[in-house]
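Student: Sequential numbering from 25 applies to the sequence shown in this note's numbering.
Below are the structure tokens for one structure; questions will follow.
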Amino acid sequence: MKRILVIGSTGQIGSELTLLLRRLYDRDNVVAGYIRGAEPRGELAEGPQALVDVTDAEELAQVVRTYKADTIFNLAALLSVVAERKPRLAWHIGVDGLLSVLDVARENGCAVFTPSSIGAFGPSTPKDKTPQDTIQRPTTIYGISKVTGELLSDYYHLKYGVDTRSVRFPGLISYVTPPGGGTTDYAVDIFHCAARGERFCCPLKAGTYLDMMYMPDALSACVSLMEADPSKLRHRNSFNVTAMSFDPEGIYQAIRQERPGFEMEYKIDEVKQRIADSWPNSLDDSPAREEWGWQPRFDLPSMTKDILERLTT
């Protein structure tokens, strides 16, 4: 039975992932790691929890030893738009913090999952069906830190044998977690507006295609990759994964199929638009499908129907 530490358990994906891991591996075997001011609440607080600053290697090591963790899900990071406002903090958490995690993992025999992002690609990357292995060269501090994280994770695997694994997440859409400062968060906010019967103001231009994924599929990807046979993994850090690619008009029309009276207007956020324009339109995730059986369950119509039903029930 795995003994897991989730760093960033109260963040965008962390809370839902922590609860899923507790259902799969027993509540007492999954520790919710948090920072001051972001303590676990509700169901998340009903299980082991520990104060963990990802940049404090000594504190992190103590938590790992106390709970005898053998697997670390390192979700500590600033989201893309926030990172552009705070580049030094983004690097400190995303890179210095990862180094702390990798060193602690090496010393204590832990496997490590650290998500990357489509933000690891840049404007010189092929835009359509972006290959698994291709030029990256991101132009944001968020993307630069993600590429660095991929390389560091591979380095610790090759040099020290640390079992590092990762996926490049597209935009993640959840009916549970509110928007938190990401470029793709419009695809979360639009559902909440539709459920409330409000007009949506879109920050990205029509024709801005981005890869997206419904949160249940994202959680499945995390668990499936960490359960995969290591002998079959050729890429490790990091796998392209995707479920759908759409632009604002695409998601708007999908919602109107369920809510015909829904209305949307455009008010472009130049920072978000610039970031989105540097990212791929769509990814090729065939290596993930071949190496560990990745297969999403939701497409745009099925996700839209499911979210709106849950938000209005």
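Cβ atoms here follow ideal geometry from the backbone N, Cα and C, with glycine treated the same way.
Quantities reported herein were computed from a predicted structural model and do not represent experimental measurements.
Alpha carbon to alpha carbon, how far is Ala312 from Met250? Give it in angstroms, no decimals.
Tutor: Numbered from 1 along the sequence shown, position 226 holds the residue referred to as residue 250. Numbered from 1 along the sequence shown, position 288 holds the residue referred to as residue 312. Answer to the nearest angstrom: the Cα atoms are 12 Å apart.
Student: Does the segment 203-221 touch the segment 146-160, meaning 3 or more C-beta pairs lie closer than 8 Å?
Tutor: These segments do not touch.
Student: When you compare the segment 105-113 with the segment 59-67, are there three or more beta-carbon pairs, one atom per stretch, that lie closer than 8 Å?
Tutor: The segment 105-113 vs the segment 59-67: no contact.
Student: Among Arg220, Lys329, Gly206 and Ser255, which one has its Cα closest to the Cα of Val295?
Tutor: The residue you call residue 295 lines up with position 271 of the sequence shown. For the residues Arg220, Lys329, Gly206 and Ser255, the minimum Cα distance to Val295 belongs to Gly206.
Student: Can you tell me where the alpha helix (DSSP H) with Asn98 in it begins and where it stops?
Tutor: Here residue 98 is taken as the residue at index 74 of the sequence shown, counted from 1. That residue, Asn98, is in no alpha helix (DSSP H); its beta strand (DSSP E) goes Thr95 to Asn98.
Student: Give the list of continuous beta strand (DSSP E) stretches no shorter than 3 residues that lie fully inside the segment 112-176.
Tutor: DSSP runs (the beta strand (DSSP E)) wholly in the segment 112-176: 135-137.
Student: Name the residue from Ile96, Lys329 and Tyr290 whose alpha carbon lies nearest to the alpha carbon of Ile279.
Tutor: Taking the first residue of the sequence shown as 1, we reach residue 279 at position 255. The residue with the shortest Cα to Cα distance from Ile279 is Lys329.
Student: Can Pro72 and Val55 be called in contact, C-beta distance under 7 Å?
Tutor: For the purposes of this step, residue 72 is identified with residue 48 of the sequence shown, where counting begins at 1. For the purposes of this step, residue 55 is identified with residue 31 of the sequence shown, where counting begins at 1. Cβ atoms of Pro72 and Val55: closer than 7 Å.
Student: Just reading off the beta strand (DSSP E) that Gln73 is part of, what are its end residues?
Tutor: Counting from 1 along the sequence shown, the entry for residue 73 is found at position 49. Looking at the DSSP string, the run of the beta strand (DSSP E) that includes Gln73 is Gln73 to Leu75.
Student: Can you name, in chain order, every residue of its own chain whose Cβ lies under 7 Å from the Cβ of Arg130, other than the five neighbours on each side?
Tutor: On the sequence shown, position 106 is the one that residue 130 refers to. The residues are Tyr180, Tyr184 and Val186.
Student: Under DSSP, the alpha helix (DSSP H) around Phe270 begins and ends at which residues?
Tutor: Position 246 of the sequence shown holds residue 270. No alpha helix (DSSP H) holds Phe270; the beta strand (DSSP E) holding it covers Met268 to Phe270.
Student: Pairs of beta-carbons, one from the segment 121-139 and one from the segment 79-88, closer than 8 Å: are there three or more?
Tutor: Yes, they touch.
Student: Using a threshold of 7 Å, state whether the C-beta atoms of Lys153 and Ser306 are closer than that.
Tutor: As a first step, residue 153 must be located in the sequence shown, where it is residue number 129. As a first step, residue 306 must be located in the sequence shown, where it is residue number 282. Yes, Cβ-Cβ distance for Lys153 and Ser306 is below 7 Å.
Student: Could you tell me whether the Cβ atoms of Ser169 and Gly118 are closer together than 7 Å?
Tutor: Mapped onto the sequence shown, residue 169 falls at position 145. Mapped onto the sequence shown, residue 118 falls at position 94. Yes.
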